[in-house]
Every structure is written in structure tokens, then in C-alpha cells.
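The structure under discussion appears below in the form of C-alpha cells.
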Amino acid sequence: MDKFRMMFQFLQSNQESFMNGICGIMALASAQLYASFEFNCPCMPEYNYAYGIGILVVPAIWFFLLGFVLNNNVSMLAEEWKRPVGQRGKDPTILRYMFISISQRSLIAPAVWISVTLMDGKSFLCAYSMDLDVSQFGNATGHRLSEEQLIRMLAKIPCKHIFDGQHILSREAATRYIRCASQAFGWMFLLLITITAFMIRAIRPCFTQAAFLKTKYWSHYVDIERKMFDETCAEHAKSFAKICIQQYFESVSGEMHRFHGAGDSGKNGNEDNDKHTSEEDKLLGIHAQDDMNKVLWNWHTCKPALSLKKDGLSTDADRNFVAHKFLKTFSCLH
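Basically my numbering = 1-based index in the sequence shown + 10.
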């Protein structure tokens, strides 16, 4: 249990590794879910296409949305997008970088689901069995069936136990043909997404690498800043609660001493005072609920400018210029 806790803490500290692990787990889950899923085509002209395409698309959309839900950066992206400008301007390239990063990870599980589904071919067979050309697999003229009856018979091809048109066409040949077409589309889909991923990773360094480094840097900064702000708020809340509880018990203890006439002072008074002072220091001068509410409100509406030196750069334009120049110089070194 301790090793598992240490591994979980490491993944939490490394946000990129944690999200890559989540994406890998979702990809394996999508493949395992399809393996354990019992596919039952309705074998009815009115529902075959909707069911076959639905099995191919709907779970992929669900996995895509689940990838957004499980990604911790979604709330950070929404917060950065909706927050007022205040003293810190909003960079659209950072928001675009964060959204693309989230989308890329969320697309892994849907891509695995679609690939596995096409390779298996059951949904493709269910959706497109009615579009078969009967002349390629059997007797196209001597069956004496109306168009509606022929479509209804073709819709039963995915269902082996209820298919009753073996004298008209070979079900095995038709099934093999459609499954081969499905696997061909599956390989084309895998080839397409692989080439797309390769082109993105290969072409990206050909453009302005300094702009990409700047965007990536400030994206990491927003993530780290949010985490440290949450940790500081949690530490402040802990100290605030501890002092409030101590003051409450001290007041109750004083009232009880006055009531009983006991004047006994604590033996560890100095140590208690030192602990009380250390907790007071953690409050950073904020001792009232209204003051803390004002601090939190100001953090949301008017975040401080990213300029640490009072006599240095003070505007977002200057800060972005220096960051761009630094990252461009760094990229030239490589």
C-alpha cells in the first residue's frame, strides 16, 4: 500500500506523466470493454444502420468526453478563459495550446475503440449488409422476392441463426467480404492517424520554436501557480482553523477556571506561545473572514502582474518581449 501511495504521489507531482498514464489506462479500457461487449445486431432494416454506426461512434464520443472529464487541466483552462483580465493579460496562444494538449490525450481512447471496432467488423457488417449486390454472391434474378423482402433478407445476414436466404446468396461469402472491407477501413484509419501524428511532430519544429517554447513555459506556469495557490490556501485554512479552535478552548478554559476559582497556569506556556506565534505567521496577516474573502476575490478578478522586480519590467508587453527573446536565444543554442 505504501508503494502504491508513493507511486500515486509521484504521478500527481508529474502532471504530464499522470495524464499519459490516464490516457493509457483509458485506451486499454476501451479495448477490454469491446472484448467483453456482446454485440447483438437487431437484423432489421429499420435499425441495422443506426445500431452499427452507433456502436462505432457513440462509445468513441463517450471516451472523448471522459478524457476531458478526467483531465485536471480542463478546469484550469476554463478558469483561465473566463477570468477577468485585471493586471495580467490573457494570451490566446496559451489557451489554444492547453486545449490542443487536452484534446490530443482525449483522442487516444476513441481512436483505439474505432480501430478495434473496424478490425472486428461486426458493426460494419450490421450497418452495411443491406447494401450488398446480390449478383456478386448468388442468384440475383431467380429469387422472386420484392425489393422490400430482399432488403429484409439482407438485413438478416449478421444473424446466423435466423438467416433464411442461403438459397439466394452465400452468407459466408457476404460476411467475409464486408469484414474484409471493414478491416481495410480500419487499417486506413490507423495509417491516417499515424501519418497525422507524425506530420504534427515532424513539422512543428519547422515553425517558430521560440513561440512554442514561450507558450509551453507559460502554460506550465499557470498549472504550477494554481497548484501552489491551492497549497497556500490549504495551509492558511489549516492554521486559521487551528488558531480559532485554540482560542475557543482557551476562552472556555478561562471561563471554567473563573467558575471553579482555579488559578493553575499551564506548565508549557512558553511552548504554546511559540506554537501560537508560528501559526500566526502562517496567516500572513489575514485574520478575518472578510479579509480572506477579499483576498480570494482579488486573486480571481485581478491577478498580480508577472513582474517580480519593482524597478524592472512592469508591463505584460515587456515581459513577453523578454521571455520571447530568452527562449529564442535558448533555441538558437540547440
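We put the beta carbon where it would ideally sit given N, CA and C, even for glycine.
Query                                                                                                                                                      : Result
Can you say whether S4 is buried or exposed, counting buried as having 16 or more other CB atoms within 10 angstroms of its CB?                            : As shown, the chain starts at 11 and ends at 344. That puts residue 4 outside it, with no answer to give.
To the nearest angstrom, how far is the alpha carbon of H246 from that of A39?                                                                             : 40 Å
Between L293 and S249, how many whole angstroms is the CB-CB distance? I'm expecting something under 8 Å.                                                  : 6 Å
Should the stretch 66–80 be called in touch with the stretch 152–164, which here means at least 3 C-beta pairs below 8 Å?                                  : no
For K92, which option in D130, T311 and C190 has the closest C-alpha, if you only look at C-alpha atoms?                                                   : T311
Can you tell me which of V305, M36 and M54 puts its alpha carbon nearest to the alpha carbon of K166?                                                      : M54
Quick one: measure Cβ to Cβ for C51 and Y61, integer angstroms, because I've assumed they're closer than 8 Å.                                              : 6 Å
Do A37 and V122 have their CB atoms nearer than 8 Å?                                                                                                       : yes
Does DSSP put L201 in a helix, a strand or coil?                                                                                                           : helix
Given 8 Å as the limit, is there contact between the stretch 130–144 and the stretch 159–174, that is, 3 or more CB pairs closer than that?                : yes
Determine the closest residue to V68 out of S133, F173 and S317, with distance taken between C-alpha atoms.                                                : S133
Nearest to Q257 by CA position, among K226, H297 and E241, is which residue?                                                                               : H297
Which residues mark the beginning and the end of the alpha helix (DSSP H) in which A315 is found?                                                          : Segment: none, A315 is in no alpha helix (DSSP H) and carries neither H nor E.
Using a 10 Å radius around the Cβ and a threshold of 16 neighbouring Cβ atoms, would you call S113 buried or exposed?                                      : exposed
So, with DSSP's three-state summary, where would you put V95?                                                                                              : coil
Could you give the distance in angstroms between the alpha-carbon of Q146 and the alpha-carbon of I172?                                                    : 22 Å
What span of residues does the alpha helix (DSSP H) with A137 cover, start to end?                                                                         : K132 to Y138
Suppose the cutoff is 8 Å on Cβ atoms and the five residues either side in sequence are ignored; what does the same chain contact list for L128 look like? : L66, F134, S192, Q193, F195, G196 and F199
Could you round the C-beta distance between L179 and V126 to whole angstroms and report it? I think they count as a contact, below 8 Å.                    : The pair is not a contact, with the Cβ atoms about 28 Å apart (cut-off 8 Å).
Apart from the five residues just before and just after P94, which ones in its own chain have a Cβ nearer than 6 Å to its Cβ?                              : T311
Using the Cα positions of I104 and R98, report the straight-line distance between them to the nearest angstrom.                                            : 13 Å
Are there 16 or more other CB atoms within 10 angstroms of the CB of G295, so buried, or fewer, so exposed?                                                : exposed
For K313 versus G96, is the C-beta distance shorter than 8 Å?                                                                                              : yes
Span of the alpha helix (DSSP H) holding P69?                                                                                                              : N58 to L80
Out of curiosity, what's the CA-to-CA distance linking M108 and R115?                                                                                      : 11 Å
Around the Cβ of G322, are there at least 16 other Cβ atoms within 10 angstroms (buried) or fewer (exposed)?                                               : Unreliable placement is indicated for G322, whose pLDDT of 46 sits below 50; no coordinate value is reported for it.
Output the boundary residues of the alpha helix (DSSP H) element that contains L117.                                                                       : Counting along the chain, L117 falls outside any alpha helix (DSSP H), and DSSP gives it neither H nor E.
Does DSSP put C350 in a helix, a strand or coil?                                                                                                           : Because the chain is modelled from 11 through 344, residue 350 falls outside the range shown and cannot be assessed.
Look up G295 in the DSSP assignment and say whether it is helix, strand or coil.                                                                           : coil
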